[in-house]
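Please read the structure below before turning to the comments.
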Amino acid sequence: MVVLSTVLFNDELSCGSCYELQCADDPQSCLPDSIIITATNFCPPTYDHPSDNGSWCNPPHPHFDLAQPAFLHIGQYRAGIVPVSFRRCSIRRLTLEGKVNSVHGNGGKRKYINWSIYYFN
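Reminder that position 44 of the sequence shown reads as 44 in the UniProt record's numbering, one-by-one numbering, no gaps.
Below, the structure written as structure tokens:
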């Protein structure tokens, strides 16, 4: 899961989009792997901070906010923030083998649905 800045989120149109990310132009912080992620949420801007002073979600920054386990596939932990190259990709479907035990979902007023699928082999 990853959250997108205002520029990338595009008024909710990019929610669910697939991207391939790779750390770029920072040999001391980058790892050679790329990752495939799905955009799941919006990183709200912080307009009381200037955009050039750490407010990465503010326009005009194209920013991906990754969970630590995802980040560690492309960058060194000590780096914290790294430049990335990215491209849109087709969505890869997860196939689970086994029987679905239960499916739970809840919606909010912004038309997002969080799902938990419990399965067993």
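Think of the CB as a built atom: it goes at the ideal place given N, C-alpha and C, for glycine as much as any other residue. Please read all numbers here as calculations on a predicted model, not as lab measurements.
Note to self: Quick check on this structure: which residue in Leu4, Asp48 and Gly75 has the alpha carbon closest to the alpha carbon of Asp25?
What the structure shows: As a working mapping, residue 25 is identified with position 25 in the sequence shown. Considering only alpha carbons, the answer is Gly75.
Next item on the list: Would you mind sorting Glu12 into buried or exposed? The rule is 16 or more other CB atoms within 10 Å of its CB.
Entry: Reading the sequence shown from its first residue, position 12 is the one you call residue 12. So Glu12 ends up on the exposed side.
Next item on the list: Pick helix, strand or coil for Tyr77, following the three-state DSSP scheme.
Entry: For the purposes of this step, residue 77 is taken as residue 77 along the sequence shown, with counting starting at 1. Three-state DSSP puts Tyr77 in a helix.
Notebook entry, point to check: According to the neighbour-count rule (16 or more other Cβ atoms, all chains shown, within 10 Å of its Cβ), is Ile81 buried or exposed?
Noted result: Translated into the one-based positions of the sequence shown, residue 81 becomes position 81. When all chains shown are included, Ile81 counts as exposed.
Next item on the list: May I have the straight-line CA-CA distance separating Asp48 from Tyr77, to the nearest angstrom?
Entry: Counting from one through the sequence shown, the residue named residue 48 turns up at place 48. Counting from one through the sequence shown, the residue named residue 77 turns up at place 77. The straight-line gap from Cα to Cα measures roughly 28 Å.
Notebook entry, point to check: Beta carbon of Ser5, beta carbon of Cys57: below 8 Å?
Noted result: Counting from one through the sequence shown, the residue named residue 5 turns up at place 5. Counting from one through the sequence shown, the residue named residue 57 turns up at place 57. Yes, Cβ-Cβ distance for Ser5 and Cys57 is below 8 Å.
Next item on the list: Write down every uninterrupted run of the beta strand (DSSP E) in the segment 11 to 88 whose length is 3 residues or greater and which is fully enclosed by it, in chain order.
Entry: 18 to 23, 34 to 42 and 64 to 66
Notebook entry, point to check: Would you say Gln22 and Ser85 are within 8 Å of each other, going by their C-beta atoms?
Noted result: Within the sequence shown, numbered from 1, the residue matching residue 22 stands at position 22. Within the sequence shown, numbered from 1, the residue matching residue 85 stands at position 85. The answer is yes: Cβ separation under 8 Å.
Checklist line | Euclidean distance between Cα positions of Gly16 and Pro60 | finding: In the sequence shown, counting from the first residue as 1, residue 16 sits at position 16. In the sequence shown, counting from the first residue as 1, residue 60 sits at position 60. Straight-line Cα distance between these residues: approximately 21 Å.
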